[in-house]
Amino acid sequence: MKARILVFCCALLLANGTDAEKISLIGATVINPADGKVLPNATVVISGDKIERVAMGKQDAAALGEQISCAGKFVLPGYIDTHIHFFQSADLFTRPDGADLNSVRPYKDEVAWIKSHLEDVFARYIRCGITSVVDVGGPMWNFEVRKKANTTEKAPRVPVAGPLISSVSREKLDLGDPPIVKIDTPDQAREFVRKLAGQKPDLVKIWYIVDKDHPVDSFRPIARATIDESHGHKIRVAVHATELETARAAVEEGADILVHSVIDKPIDDAFVKLLKDRHTILCPTLVVFERYGRTFSHQLNLTPEEKAWGNPEVIASLDVTKIPQEKLPQRIKDALADPKAAMDRINKTYEVALPNLKKLEDAGVTIAAGTDAGNIGTIHGPALFREFQLMKQAGLTPMQILQCATANAAKLFGGDTGAHIGKIENGYFADLVILNSSPLDDIAHASDIATVIKNGVVYPADSILH
Ligand SMILES: [Zn+2]
């Protein structure tokens, strides 16, 4: 009850533009994955939207403001999902280029639904303790999403990339403001980056797709021009490159971020050294690799967190058996006819991707946690907890996973905000998760959330989605 009153007071104070009050979290175990330090029986003093100080032992009550007892609880920096797409809902109709279900739900209706449910999605991230997300690509209206998120109280902090620069086009996603733009020459790439720069993107994204018609080297000069022009505008470049040779080419050309794992073969020592030398950040997005195949073959493994905190309409749509047989696209028919083949493909991907992640982590490459939420079956918000399970399966320790989702993720977030999130330190934003049980004992406890604090505003977890 006390916390509810606090929410009201903070809102009132912020609305009046006066100095926000002081709040102190008393007696918690503070976990700071940035340096791996664990402070028992600590006090975190929050003043307005910032962490004022973290102290041990008994404190002078007069300097603590409103006190919230956190005895037996665990305080962490808010989680950061560094790979999501707000222009996709995660429902079955969100990627007609992958599974065309326009005859069931026209894509324009899907996009209208997405635009009208942004505040719902924002709140679901907060419910999951995710106080910042990185949108790595979408239509030009992504820039409006950034503005909306960053002016909405119950929303994560959001940097965005604009449309993806690619070797291929996706006509079915083009309603006049396409999320993916086919670029054919280096000059076109430079021109497009200059146009994007007017919107002040936080990142430029390249969709480096390789197949028999698009070999690695044919797109390489375009990747080079995109990266060079972006860096000229002081914008970092994130690249989708899931094959070893594509990823290597991207990093050699100066990519700052790889947005997925390498999934076609084991990475070699030269690749690991390249990422270390260039300080490239890699975001594994393990969960998305299972979700298309599992959804289409009717073997979806949504976690309890996803079922509880995902959007119910999105989740209900994912049952492909509800779609009339004659309206199913061939890809889904094939998956339903041979579910074992779908699982075999997923397992084969993980047999490569999980050891690759472990090798990069052991070598000290900066890994930032991310899910690719918004893709079919990858649920905005709680998908991050499935990602944690897969990172654990790869052999990462709970502290390593938490570091990937906080301090490392803040590096990928970037900019002035990125320099003030992801750690529990003086002067950092008061974006915190308070857990009932220790995530260091079991990373599954990362979702045992009692309270979320975003920008100094306290939200009892159970109140967020009601
Ligand atoms: Zn993505």
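So the sequence shown is numbered by numbering that gives the first Met the number 0: it starts at 0 and just counts up by one.
Think of the CB as a built atom: it goes at the ideal place given N, C-alpha and C, for glycine as much as any other residue.
Small disclaimer: the values here were computed from a predicted structure and weren't measured.
- Message: Strictly by DSSP, which residues pair up with H213?
- Response: The bridge partners DSSP lists for H213 are D210.
- Message: Given a cut-off of 9 Å on the beta-carbon distance, is the pair V313 and S88 in contact?
- Response: yes
- Message: Assuming E251 is part of the beta strand (DSSP E), what are its boundary residues?
- Response: Run containing E251: none in the beta strand (DSSP E); it sits in the alpha helix (DSSP H), L243 to E251.
- Item | Boundaries of the alpha helix (DSSP H) in which K146 is found, first to last residue | Run containing K146: N141 to N149, per the alpha helix (DSSP H) assignment.
- Message: With H, G and I counted as helix, E and B as strand and the rest as coil, what does DSSP make of A14?
- Response: Since pLDDT at A14 reaches only 37, below the 50 mark, its modelled position is unreliable, and the value read off the structure follows with that caveat. Correct three-state label for A14: helix.
- Buried or exposed (CB count within 10 angstroms, at least 16 for buried), N141: With 16 or more other Cβ atoms within 10 Å, it is buried.
- Query: Buried or exposed: where does K272 fall if 16 or more other Cβ atoms within 10 Å of its Cβ makes it buried?
  - Reply: exposed
- Starting from Q399, trace the beta strand (DSSP E) both ways and give me its first and last residue. That residue, Q399, is in no beta strand (DSSP E); its alpha helix (DSSP H) goes P397 to C403.
- Query: Between V157 and F86, is the Cβ-Cβ spacing less than 9 Å?
  - Reply: no
- Item | Cβ-based neighbour list, C69, same chain, cut-off 7 Å, excluding 5 preceding and 5 following | L24, I25, G26, A27 and I433
- Looking only at C-alpha atoms, which of P105, P220 and H278 sits nearest to L174? P105
- Inter-stretch contact (C-beta, 8 Å, three-pair minimum) for the stretch 227-240 and the stretch 263-272: no
- Task: Could you have a look at P76 and say whether DSSP puts it in helix, strand or coil?
- Result: strand
- Item | Counted within 10 angstroms of its Cβ, other Cβ atoms place P303 as buried (16 or more) or exposed | exposed
- Query: Do the stretch 147-167 and the stretch 187-207 meet, that is, are 3 or more Cβ pairs less than 8 Å apart?
  - Reply: Between the stretch 147-167 and the stretch 187-207, the count of Cβ pairs shorter than 8 Å is three or higher; the stretches touch.
- What does Q66 pair with, by DSSP beta-bridge criteria? S23
- Since I believe L75 is in contact with V44 (beta carbons under 8 Å), could you give me their beta-carbon distance rounded to a whole number of angstroms? At roughly 17 Å, the Cβ-Cβ gap does not stay under 8 Å, so V44 and L75 are not in contact.
- Extent of the continuous beta strand (DSSP E) to which T130 belongs: I129 to D134
- Indicate, with yes or no, if ligand 1 has a heavy atom lying under 8 Å from the CB of D48. No - ligand 1 has no heavy atom lying nearer than 8 Å to the Cβ of D48.
- Should Q402 go down as buried or exposed, given a rule of 16 or more other Cβ atoms within 10 Å for buried? buried
- With a Cβ-Cβ cutoff of 9 Å, do L243 and T279 count as a contact? Result no, Cβ atoms of L243 and T279 do not sit closer than 9 Å.
- Query: Can you round the beta-carbon distance between T370 and L383 to whole angstroms, since I take them to be within the 8 Å contact cut?
  - Reply: 6 Å
- Message: If I follow the unbroken alpha helix (DSSP H) through K347, where does it start and stop?
- Response: P338 to A362
- Query: Tell me which same chain residues have a C-beta within less than 7 Å of the C-beta of N31, skipping the five on either side of it?
  - Reply: K422 and I423
- Message: Given this structure, state the Cα-to-Cα distance separating Q399 from F218, to the nearest angstrom.
- Response: 35 Å
- Message: Extract the residue ranges of the beta strand (DSSP E) inside the stretch 88-113, only unbroken runs of 3 or more that lie entirely within it.
- Response: none
- Using 10 angstroms around the beta-carbon of T42, count the other beta-carbons present and answer buried if the total reaches 16, otherwise exposed. buried
- Message: What does the alpha-carbon distance come out to for the pair N310 and D80?
- Response: 17 Å
- Message: Here's the rule I'm using: 16 or more other beta-carbon atoms within 10 Å means buried, otherwise exposed. How should V451 be labelled?
- Response: buried
- Sequence-distant residues of its chain with Cβ nearer than 6 Å to L195 (five each side left out): G161
- L453 bridges to which residues according to DSSP? The residue asked about is misnamed: residue 453 is Lys in this sequence, not Leu. For K453, which the question treats as bridged, DSSP gives the partners V456.
- Item | Test item: CB-CB of T405 and V286 under 9 Å | no
- Taking 8 Å as the threshold, find out whether the stretch 322-341 comes into contact with the stretch 291-302 through three or more Cβ pairs. yes
- Task: Kindly examine ligand 1 and report whether one of its heavy atoms sits closer than 8 Å to the Cβ of G136.
- Result: Distances between the C-beta of G136 and the heavy atoms of ligand 1 include at least one below 8 Å.
- Item | Limits of the beta strand (DSSP E) - the one that L431 falls within | L431 to L434
- What three-state label does DSSP hand T184 in the structure shown? coil
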